[in-house]
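Asker:
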Amino acid sequence: MRAEERHQRLLALARRHGRVEVAVAAAEFGVVRETIRRDLRELERRGLVRRTHGGAYPVESAGFETNLAQRVTQHVENKRRIAAEAVKLLGSAETVFVDEGYTPQLLAALLPTDRPLTVVTASLSTAAAVVESANTTVLLLGGRVRARTLATVGSWACAMLSGFVIDLAYLGSNGISREYGLTTPDPVVADVKAKALEVSRRRIFMGHHGKFGASSFCRFAEVSDFEVIITDTGLSSAEAHRYALLGPQVIRA
1 MRAEERHQRL LALARRHGRV EVAVAAAEFG VVRETIRRDL RELERRGLVR RTHGGAYPVE
61 SAGFETNLAQ RVTQHVENKR RIAAEAVKLL GSAETVFVDE GYTPQLLAAL LPTDRPLTVV
121 TASLSTAAAV VESANTTVLL LGGRVRARTL ATVGSWACAM LSGFVIDLAY LGSNGISREY
181 GLTTPDPVVA DVKAKALEVS RRRIFMGHHG KFGASSFCRF AEVSDFEVII TDTGLSSAEA
241 HRYALLGPQV IRA
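Number 30 in UniProt numbering belongs to position 30 of the sequence shown; there are no gaps in the numbering.
1) Only counting runs of 3 or more residues, tell me where the beta strand (DSSP E) segments fall wholly within the segment 80-161, in order along the chain.
2) Between residue 42 and the ligand ADP, is the CB less than 7 angstroms from at least one heavy atom?
3) Please check the pair residue 253 and residue 82, which I expect to be a contact at CB under 8 angstroms, by giving their CB distance rounded to whole angstroms.
4) Under the three-state reduction of DSSP, which class applies to residue 212: helix, strand or coil?
5) Along the alpha helix (DSSP H) that carries residue 35, what are the first and last residues, could you check?
6) Cα-Cα, which of 199, 225 and 192 is closest to residue 218?
7) Less than 8 angstroms between the C-beta atoms of residue 56 and residue 42, yes or no?
8) Of all the beta strand (DSSP E) runs that stay within the bounds of the segment 175-209, which reach a length of 3 or more residues?
9) To the nearest angstrom, report how far apart residue 227 and residue 249 are at their CA atoms.
10) Residues in its own chain within less than 6 angstroms of residue 143 by CB, not counting five upstream and five downstream?
11) When the cut-off is 8 angstroms and only beta carbons count, does residue 22 lie next to chain C?
12) Could you check if residue 115 is buried or exposed, using at least 16 other CB atoms within 10 Å of its CB as the buried criterion?
13) Going by DSSP, which residues form a beta bridge with residue 231?
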């Protein structure tokens, strides 16, 4: 099998399953593990994957983005810990923006129900996670619904956000890097996230370690825009410190 063919198959595996393992790929392709490691280094150089211990994750780009069904099966325990840590930082906030994505959906389900709280979201799944609480007012942003993420986008969503002053925003992204900040594949998604960031007094980023060092097509925020970054222990303490030098507190849950 030629190297380019292996690269294409490795990338397809990573995108289909959310991760590719060196040992598994080496056995499947009938090559030594160092060959797969070399292939993954080349794919990382092209910005297509993000290498981690024992394998690699796909980097979401303008031409590739995982859907919500895939996200609810990947890094689930890490995402639960991140959400549990994030909800501790709610403080006295009365109005909260909760982003699209599975980690924000997990966080939404943990929000307190014993006091009044207004939740603003573009995500149908997030809205459904909190709407039954008698003390919670849910404001679902209008606009076109993206089938891939079940979240609204477009000028209506941004116009609604522009009329709010929100106490706290919980935001995610497809990639976060010290060089390019926070990125996402789709410009209309970036617009909603940027507007939520603009109208919120406090901003917290939530994302598993595989997102760090990755960059996608559309930049919507800088690392320094956030007071806290919450991730998991898959991000090394040394790398967490490098992000902290840009301003936010970094919590490894």
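Think of the CB as a built atom: it goes at the ideal place given N, C-alpha and C, for glycine as much as any other residue.
Source: prediction; values computed, not measured.
Answerer: Based on what the coordinates show:
1) 95-98, 117-121, 136-140, 144-146 and 151-153
2) Absence of the ligand ADP from the depicted structure is noted, as is the absence of any ligand whatsoever, leaving it without description.
3) As a first step, residue 253 must be located in the sequence shown, where it is residue number 253. As a first step, residue 82 must be located in the sequence shown, where it is residue number 82. That pair is a contact at about 5 angstroms.
4) Locating residue 212 in the sequence shown gives position 212, counting from the first residue. In the structure shown, residue 212 sits in a strand (DSSP, three-state: E or B).
5) What you label residue 35 is simply residue 35 of the sequence shown in a count that begins at 1. Taken as a continuous stretch (DSSP letters only), the alpha helix (DSSP H) holding residue 35 covers 33-45.
6) By 1-based counting over the sequence shown, the position of residue 218 is 218. Closest by alpha carbon: 192.
7) Translated into positions along the sequence shown, residue 56 becomes position 56. Translated into positions along the sequence shown, residue 42 becomes position 42. Not a contact, by the Cβ cut-off of 8 angstroms.
8) Counting whole runs of 3 or more residues, the segment 175-209 contains the beta strand (DSSP E) stretches 175-177, 181-184 and 200-206.
9) Stepping through the sequence shown from its first residue, residue 227 is reached at position 227. Stepping through the sequence shown from its first residue, residue 249 is reached at position 249. Straight-line Cα distance between these residues: approximately 6 angstroms.
10) The residue you call residue 143 lines up with position 143 of the sequence shown. Here the set comprises 152, 153, 154, 156 and 157.
11) Among the protein chains of the structure shown there is no chain C, as only one such chain exists.
12) Here the question's residue 115 lines up with position 115 in the sequence shown. Its Cβ having fewer than 16 others within 10 Å, residue 115 is exposed.
13) Counting from 1 along the sequence shown, the entry for residue 231 is found at position 231. 252.
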